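Structure first, then comments.
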Amino acid sequence: MSVAEILAKKKAAQALKNLEEGQDFLAENAQKEGVNVLPSGLQYLVLIEGTGSKPTLADKVVCHYHGQNLKGEVFDSSVNRGQPATFAVNKLIQGYQEALPLMPVGSKWVLYIPSELAYKDEHKSKEISANSTLIFELELLEIVSS
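Spelled out as structure tokens, the structure:
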């Protein structure tokens, strides 16, 4: 067996492990008090319920976020940088596209995003390998355009 074949087998095994761990985590997490589960499998916990407008997919939003994998490894954080980020809602991962239109401005939620609503079987980084379930703390600060 070649080195490439060995590496491909290892990646495939890791992807399957990530998928199974994510499914187990989400099944257990769905039972926790306050966790809402949408038909897509997206889960969220409301930390702060805002009172402002809700964005549409056509909007740009300003958010603070803190993203980590199931091991607790942080892969990106506007909070850690001390600078909120501006995004076009329709350019974000599917889990964000589903959650943001439900969030009034001023809201802070924890999103539990299954791999199929995030990066699916793509290996994005050391912290986000194929089929990774992601956890984001997301705060919607403002809508900047529609």
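full-length UniProt numbering applies: residue 1 is where the sequence shown begins, and numbers increase by one.
Cβ atoms here follow ideal geometry from the backbone N, Cα and C, with glycine treated the same way.
Keep in mind it's a predicted model, so treat the numbers as computed, not measured.
Which partner residues does residue i have in the DSSP bridge list?
i    : result
S145 : K60
K108 : I48, E139
V37  : Q43
In angstroms with no decimal places, state the Cα-to-Cα distance between residue i and residue j.
i    : j    : result
D121 : I128 : 10 angstroms
S145 : S2   : 52 angstroms
D59  : L102 : 13 angstroms
A4   : A13  : 14 angstroms
N90  : Q97  : 6 angstroms
L57  : A88  : 8 angstroms
N29  : L7   : 32 angstroms
Assuming residue i contacts residue j (C-beta within less than 8 angstroms), just tell me the rounded distance between them.
i           : j    : result
P55         : L100 : 5 angstroms
G106        : I143 : Actually they do not touch by this definition, with Cβ atoms about 11 angstroms apart.
W109        : L138 : 6 angstroms
residue 158 : A118 : The chain is shown from 1 up to 146; residue 158 falls before or after that span and cannot be answered.
S115        : N18  : 7 angstroms
Counting only the same chain and skipping the five closest in sequence on each side, list residues whose C-beta sits under 6 angstroms from that of residue i.
i   : result
G34 : L45
S78 : H64, Y65, P84, A85
Report all residues from its chain with a CB closer than 7 angstroms to the CB of residue i; omit the five preceding and five following residues, and keep chain order.
i   : result
Q68 : V74, F75, I135
E21 : L70
Looking at the unbroken beta strand (DSSP E) that takes in residue i, where does it start and where does it end?
i   : result
S77 : 74-77
Taking residue i as part of the alpha helix (DSSP H), name the residues at either end of that continuous run.
i   : result
A4  : 3-29
A99 : 94-99
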